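J.: First residue of the sequence shown: 2, per this note's numbering; consecutive thereafter.
Here a beta-carbon is modelled for each residue, glycine too, at the ideal position from N, C-alpha and C.
Values in this document were obtained by computation on a predicted structure and should not be read as measured data.
Starting off with a structure, shown below.
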Amino acid sequence: MATYQTAYLYVLDENGNSNTGKIDEIVNNSEANSTESVDNSIVSVGETFSVVFTNTTTGSTYDGTYTYLGHATPFSGFVASDSDGVYYLFSNDPSIPVGTTLNGFTAEAIPVCFLAGTMIATPSGEVAIETLHAGDLVLTADGSTKPVRWLARQTVSTIFADPMKVCPIRITAGALGGDLPARDLCVSNDHALLIDGMLVQAGALVNGTTIMRHADMPQTFVYYHVELEDHSLILVEGVPAETYVDNVTRRRFDNWQEAPEASIAELDMPRVKSARQLPASIRARLAEREAA
Numbered sequence: 002m003a004t005y006q007t008a009y010l011y012v013l014d015e016n017g018n019s020n021t022g023k024i025d026e027i028v029n030n031s032e033a034n035s036t037e038s039v040d041n042s043i044v045s046v047g048e049t050f051s052v053v054f055t056n057t058t059t060g061s062t063y064d065g066t067y068t069y070l071g072h073a074t075p076f077s078g079f080v081a082s083d084s085d086g087v088y089y090l091f092s093n094d095p096s097i098p099v100g101t102t103l104n105g106f107t108a109e110a111i112p113v114c115f116l117a118g119t120m121i122a123t124p125s126g127e128v129a130i131e132t133l134h135a136g137d138l139v140l141t142a143d144g145s146t147k148p149v150r151w152l153a154r155q156t157v158s159t160i161f162a163d164p165m166k167v168c169p170i171r172i173t174a175g176a177l178g179g180d181l182p183a184r185d186l187c188v189s190n191d192h193a194l195l196i197d198g199m200l201v202q203a204g205a206l207v208n209g210t211t212i213m214r215h216a217d218m219p220q221t222f223v224y225y226h227v228e229l230e231d232h233s234l235i236l237v238e239g240v241p242a243e244t245y246v247d248n249v250t251r252r253r254f255d256n257w258q259e260a261p262e263a264s265i266a267e268l269d270m271p272r273v274k275s276a277r278q279l280p281a282s283i284r285a286r287l288a289e290r291e292a293a
């Protein structure tokens, strides 16, 4: 089950009669981990989801169940209601003032892709990517363990952006054969997976059915990327996937100032960047899984 993490919870002075309202109050110390009820990495309109709230001061937790209603406008976050019909805004923006009018919301699904919930193999079991910190150990494809140097975080805006470049590729469970990935895996277009000894970028694998471009994204979403001491292959939902290599500037990421300065040499492996470069053997295997 994928999880969407937010740091702030706002109460709306709304009882479910319309899709507008005003910010009534911000609930203090209300970090929330919201988990979908349908295991498909998408929270759909009308879907209930479970939430574990954490008081960031005391560490105490409490839970609840909410119904997803849509994306907030014009603020980042999403709107949901509880069983009493009270509307809430779940957001990572701490600066929305009380009394601000919510100008409606867009009733469409919210994908949970690399924002949280993508599982990374570690010596102690799989963990969600967003919980990794510098110094944590992860498993590599060759069975060794390496410490995380940096967990890169990049906020992406879909406004005026080319969806072919910014929207993630969804690889459905089992699409690569051998029951891989273990669950649906969402990666950026240029992120490479190890297939038959080649680094194959996700965009080259798109077939429109079991592997597809997920264009229905919110206005903003976040990609995470793991950097190790070298360009390596870690296990993401069971699939060997490349770690960060600095062939693009670290300044593309929100937290670039936390990044190490040392450069990294790229893995000496052939790279498939487009569908026309995809070997026939891999294409045939994908077709078999597509037909299964």
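Would you list, in sequence order, the uninterrupted alpha helix (DSSP H) runs of no fewer than 4 residues that lie entirely inside the stretch 146-213?
T.: List check, alpha helix (DSSP H) in window: 164-167.
J.: Could you check whether T66 and S51 sit closer than 7 Å to each other, using their CB atoms as the reference points?
T.: Contact flag set, yes.
J.: Would you give the residue range spanned by the alpha helix (DSSP H) that E291 belongs to?
T.: E291 -> alpha helix (DSSP H) spans A281 to A292.
J.: Considering H226, what are the terminal residues of the beta strand (DSSP E) in which it resides?
T.: Where H226 is concerned, the enclosing beta strand (DSSP E) stretches over T221 to E228.
J.: How big is the Cα-Cα spacing for H232 and T102?
T.: H232 and T102: Cα-Cα distance of roughly 47 Å.
J.: Shortest alpha-carbon distance to C187 belongs to which of G204, Y89 and A153?
T.: Considering only alpha carbons, the answer is G204.
J.: Taking just the CA atoms, how far does I130 sit from A260?
T.: One C-alpha to the other measures close to 17 Å.
J.: What would DSSP say about A276, mapped onto helix, strand or coil?
T.: A276: helix per DSSP, three-state reduction.
J.: Check whether the Cβ of G198 sits closer than 6 Å to any heavy atom of the ligand HEM, and report yes or no.
T.: This structure lacks the ligand HEM; in fact it carries no ligand of any kind.
J.: What's the C-alpha gap between E267 and T244?
T.: Between E267 and T244, the C-alpha separation is close to 10 Å.
J.: Could you tell me whether the Cβ atoms of L234 and L177 are closer together than 7 Å?
T.: It is not a contact, given that the beta carbons lie outside the stated cut-off.
J.: Would DSSP call C114 helix, strand or coil?
T.: The predicted model places C114 with a pLDDT of 37, which falls under 50 and marks its position as unreliable, so this point remains unresolved.
J.: Taking C-beta to C-beta, are D185 and T173 nearer than 7 Å?
T.: Yes, these two residues count as a Cβ contact at 7 Å.
J.: Could you tell me whether the stretch 199-216 touches the stretch 248-255, where touching means 3 or more Cβ pairs closer than 8 Å?
T.: Contact fails: fewer than three Cβ-Cβ distances are below 8 Å.
J.: Helix, strand or coil for I27 per DSSP?
T.: Residue state, collapsed to three classes: strand.
J.: By the three-class DSSP mapping on this structure, what secondary structure does I265 have?
T.: Coil.
J.: Quick one: give me the first and last residue of the beta strand (DSSP E) that P241 is part of.
T.: It spans V240 to E243 - the beta strand (DSSP E) in which P241 sits, taken as one unbroken run.
J.: Thinking C-alpha only, which one of E127, Y9 and T132 is nearest L90?
T.: Ranking the options by Cα distance to L90, first place goes to Y9.
J.: If D217 and I283 are in contact, beta carbons under 8 Å, what's the gap, nearest whole angstrom?
T.: Contact doesn't hold; Cβ gap of about 27 Å is too wide.
J.: How would you call V273, buried or exposed, if buried means at least 16 neighbouring beta carbons within 10 angstroms?
T.: Per the 10 Å Cβ criterion, buried.
J.: When you compare only the Cα positions, how much space is there between T294 and A293?
T.: Here the chain covers residues 2 to 293 and nothing more, so residue 294 does not appear.
J.: Where A193 and P271 are concerned, what is the direct C-alpha to C-alpha distance, given to the nearest angstrom?
T.: If you take the alpha carbons of A193 and P271, they lie about 11 Å apart.
J.: Return helix, strand or coil for N20, following the three-state DSSP convention.
T.: Its pLDDT being 46, under 50, N20 is placed unreliably in this model, and the value from its coordinates should be taken loosely. Here N20 sits in coil by DSSP.
J.: From C168 to G100, what does the alpha carbon distance come to, in whole angstroms?
T.: Cα-Cα distance, rounded: 34 Å.
J.: D269 to V246, Cα distance in whole Å?
T.: Spanning the two alpha carbons is a distance of roughly 12 Å.
J.: So S189 and Y224 are in contact, right, with Cβ under 8 Å, and what is the actual spacing, rounded?
T.: Their Cβ separation, rounded to whole angstroms, is 6 Å, which keeps S189 and Y224 in contact under 8 Å.
J.: Would L140 and L236 qualify as a contact pair, given that the criterion is a beta-carbon distance under 7 Å?
T.: The answer is yes: Cβ separation under 7 Å.
J.: Ordered along the chain, which non-local residues of its own chain (more than five positions away) have a Cβ less than 7 Å from that of D255?
T.: Contacts found: R154, Q155 and T156.
J.: Since F254 sits in a beta bridge, which residues does DSSP pair it with?
T.: For F254, which the question treats as bridged, DSSP gives no partner whatsoever.
J.: If we count the other Cβ atoms within 10 Å of its Cβ and call it buried at 16 or more, is R277 buried or exposed?
T.: R277 should be labelled exposed.
J.: Please look up how many angstroms separate the CB atoms of T32 and T55, rounded, as I've assumed it's under 8 Å.
T.: The question names Thr, but residue 32 in the sequence shown is Glu. That pair is a contact at about 5 Å.
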